[in-house]
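Trainee:
Residue numbers (our numbering), protein chains in the order written: chain A, 74 to 384; chain B, 74 to 384.
Put into structure tokens, the structure is as follows:
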């Protein structure tokens, strides 16, 4: 089954303790689609300016990503500039130039309207809703959001969430959206807003998925050289949704493997700048790292007599 | 096999969003020994004052904990007072009264000197070394420490670490001790100081164990009502060391189950004030929660054909 992603395609300028890169390929739809492309066919709806390098288009098309929904508009491509401190946790945004993204009106080509799996990248919730107006009977609608929309467009976001099956948010966003510090209670509160499934991304600590009363965790992959965390969250969502679309199944077993696959793909992205590592990863490497996640988490049941009776 | 713990026994006054408690039972040796007592025989070396309630002694003895190394000295028992904000992450220390703990000189009774499993609670590293001087051929020496000693007694701490097999620290302490932000590199740096195994406690995110090039994680247990996080780290160490002493084995399988058992026991402690929940837990509850950790982490291998070839 195929996955549709609506989001940003950007040129990023990034500074990390490992180096500086100017105007490299970035954006939520870019990371998502590249990651998902290893698992399922992907269609992208996004906008770029006249200056968007043709080489980037060829890179995405080379992975079989359908770019018929990528509009090219007069003007410059969306640009983001950020810096990471030595902790590599939070990016400090130095500059944002919306450019053609400022007037982005997602218009779905006919061939994108019946995608069974849909990911609404982190864009204005009003636009997220307009995308859903154009979709026919999807099997799963997932969305991402951020503090900017929670602060500034909460009503519109809540209207979108009523139509969303699965929400990806990070720890802080979950707490802010729910108005609840405890993460279990925050997930419950978000569920009452619409999404049946809540996936909370926790950076280097991995992710936790809540589906009704069930919870499932995936750890972060221990990496000694984190080059650039940009795009990790969208890569995670791409691996997750790509796996679900591949399995075409929303049962518990598939959700568990999807969560791990999201972590696997994100672990590659942060090993390089931009999509450098993600585009170079091989199928055996993905299988191997999936196995490493098993190694990271597996343990045997307790035998009988494991406890000592009080004397 | 039995476990020896050297640490503090305290009277805590705690304020959390769930309530206020005055002069309740606390201390690293207390939480550790109660937790470990479900798994293995435990001996405590610590000091209390004349005012230490006899009921607390009976509570610990009731779990079969050997208190022959618990000295009672003239003066008042060690007191700590702290407050947790709504995030329940870090305690703000409001008051510390060392009292009899100020002149604590751990003296091991004869019957404690041949304990095969030793846990040096978070005390002055000079005292930790003096404890080791009195121990005969232990199988595993584990230690805890904190920012106070890393800042103030780094040389003494490094001397102790040369004699330690396993170090328990939290994320921030690991980074501070190693002078390294990346947690994989921090663990490697700590290993070069002596400990073969490094266990990094990550609060609500669980724990990660490094043993040479191997890493293993346990998640935090998702709890909707965290009453009081005090003692979670020592309870974790108690469950971990108690399990190892029970298994009397330091192989990978045992280390993995020990890490999960630490998380299991810690998850009970934070469900109540002081040792309220930890003392009331039943064997079936421990087995059941260990099973829940399996549920939280288990996933199936990827089948062949899980990846899609690029078109």
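Idealized CB from N, CA, C, for every residue including glycine.
Find the nearest neighbour of residue 252/A within the set 272/A, 227/A and 236/A, judged by alpha-carbon distance.
Mentor: Selected option, being the one with the closest Cα: 227/A.
Trainee: By a C-beta neighbour count over all protein chains shown, 10 Å radius and 16 as the cutoff for buried, is residue 116/B buried or exposed?
Mentor: Result: buried.
Trainee: Using the beta-carbon count (16 or more within 10 Å), is residue 110/A buried or exposed?
Mentor: With 16 or more Cβ atoms within 10 Å of its Cβ, residue 110/A is classed as buried.
Trainee: Suppose you measure from the CA of residue 112/B to the CA of residue 199/B; what does that come to, to the nearest Å?
Mentor: Approximately 29 Å between the Cα atoms of the pair.
Trainee: Helix, strand or coil for residue 294/A, going by three-state DSSP, please let me know.
Mentor: In the structure shown, residue 294/A sits in coil (DSSP, three-state: anything other than H, G, I, E or B).
Trainee: Closer than 7 Å by C-beta to residue 299/A: which residues in its own chain qualify, once you throw out the five before and the five after it? Chain order, please.
Mentor: Cβ within range, chain order: 161 and 343.
Trainee: If I follow the unbroken beta strand (DSSP E) through residue 277/B, where does it start and stop?
Mentor: Run containing residue 277/B: none; DSSP gives neither H nor E here.
Trainee: Tell me, please, which residues DSSP counts as bridged to residue 192/B.
Mentor: 78/B and 215/B, per the DSSP bridge assignment.
Trainee: Decide if the segment 310 to 317 of chain A is in contact with the segment 331 to 339 of chain A; the criterion is three or more beta carbon pairs, one per stretch, under 8 Å apart.
Mentor: Touching, per the Cβ criterion.
Trainee: Considering only the beta carbon of each residue, do residue 372/B and residue 360/A sit closer than 9 Å?
Mentor: No.
Trainee: Residue range of the alpha helix (DSSP H) that residue 340/B falls in?
Mentor: Residues 325 to 342.
Trainee: With 9 Å as the threshold, decide whether the Cβ of residue 116/A is near any Cβ in chain B.
Mentor: No, residue 116/A lies away from the interface with chain B (no Cβ there is under 9 Å from its Cβ).
Trainee: Should residue 102/A be labelled buried (16 or more other beta-carbon atoms within 10 Å of its own) or exposed?
Mentor: Counting Cβ neighbours within 10 Å, residue 102/A comes out buried, since at least 16 surround it.
Trainee: Quick one: using the 10 Å Cβ neighbour count with 16 as the cut-off for buried, is residue 303/B buried or exposed?
Mentor: Its Cβ being crowded by 16 or more others within 10 Å, residue 303/B is buried.
Trainee: Whole angstroms are fine: how far does the CA of residue 364/B sit from the CA of residue 235/A?
Mentor: Cα to Cα, the separation comes out at about 34 Å.
Trainee: With 16 other CB atoms within 10 Å as the buried threshold, where does residue 163/B fall?
Mentor: That one is exposed.
Trainee: Under DSSP, the beta strand (DSSP E) around residue 233/A begins and ends at which residues?
Mentor: Looking at the DSSP string, residue 233/A is not in any beta strand (DSSP E); the run it does join, the alpha helix (DSSP H), is 227 to 234.
Trainee: Would you say residue 384/B lies against chain A (beta-carbon separation less than 9 Å)?
Mentor: Per-residue confidence for residue 384/B stands at a pLDDT of 44, beneath the threshold of 50, marking its modelled position as unreliable; the derived number appears in the next sentence. Taking Cβ atoms only, chain A reaches closer than 9 Å to residue 384/B, which makes this a yes.
Trainee: Pick from 232/B, 217/B and 190/B: whose alpha carbon is nearest that of residue 209/B?
Mentor: The option with the nearest alpha carbon to residue 209/B is 190/B.
Trainee: Just to check my reading of the structure: residue 181/B and residue 142/B have Cβ atoms closer than 8 Å, yes? What is that Cβ distance to the nearest angstrom?
Mentor: Contact holds; Cβ gap of about 6 Å.
Trainee: What does the Cβ neighbour count give for residue 279/B, buried or exposed, with the cut at 16 atoms within 10 Å?
Mentor: Residue 279/B is buried by the Cβ-count criterion.
Trainee: Alpha carbon to alpha carbon, what distance is there between residue 171/A and residue 326/B?
Mentor: About 52 Å.
Trainee: On the DSSP bridge list, what partners appear for residue 237/B?
Mentor: Residue 237/B is not bridged to any residue.
Trainee: Under 7 Å Cβ to Cβ from residue 106/A, same chain only, skipping five residues before and after it: list those, please.
Mentor: Contacts found: 78, 115, 117, 133, 138 and 311.
Trainee: So what does DSSP say about residue 108/A, is it helix, strand or coil?
Mentor: Three-state result, residue 108/A: helix.
Trainee: In whole angstroms, what separates the C-alpha of residue 369/A from that of residue 381/A?
Mentor: Whole-angstrom Cα-Cα distance: 28 Å.
Trainee: Quick check on this structure: which residue in 297/B, 215/B and 168/B has the alpha carbon closest to the alpha carbon of residue 96/B?
Mentor: Of the candidates 297/B, 215/B and 168/B, the one whose C-alpha sits nearest the C-alpha of residue 96/B is 168/B.
Trainee: Taking C-beta pairs closer than 7 Å, name the residues in chain A that residue 319/B reaches, listed in chain order.
Mentor: 379 and 381, listed in chain order.
Trainee: List, in order along the chain, the chain B residues whose C-beta lies closer than 7 Å to that of residue 255/A?
Mentor: Those within 7 Å of residue 255/A in chain B are 297 and 299.
Trainee: Roughly how many whole angstroms lie between the Cα atoms of residue 269/A and residue 194/A?
Mentor: Each residue's alpha carbon lies about 18 Å from the other.
Trainee: Spatial neighbours of residue 339/B within its chain, please: C-beta separation below 6 Å, excluding the five flanking residues on both sides.
Mentor: Once the five neighbours on either side are set aside, the close Cβ partners of residue 339/B are 305, 308 and 309.
Trainee: Compute the distance between the beta-carbons of residue 130/B and residue 150/B, then report whether it is under 9 Å.
Mentor: No; because the gap between Cβ atoms is not below 9 Å, this pair is not in contact.
Trainee: Would a C-beta distance cut-off of 9 Å place residue 119/A and residue 192/A closer than the cut-off?
Mentor: Contact: no.
Trainee: Could you tell me the boundaries of the beta strand (DSSP E) in which residue 154/A lies?
Mentor: Where residue 154/A is concerned, the enclosing beta strand (DSSP E) stretches over 152 to 157.
Trainee: Which residue from 276/A, 271/A and 275/A puts its Cα closest to that of residue 282/A?
Mentor: When only C-alpha atoms are compared, the closest one is 271/A.
Trainee: Just curious, the alpha helix (DSSP H) that residue 353/A is in, first and last residue?
Mentor: Unbroken alpha helix (DSSP H) run through residue 353/A: 349 to 353.
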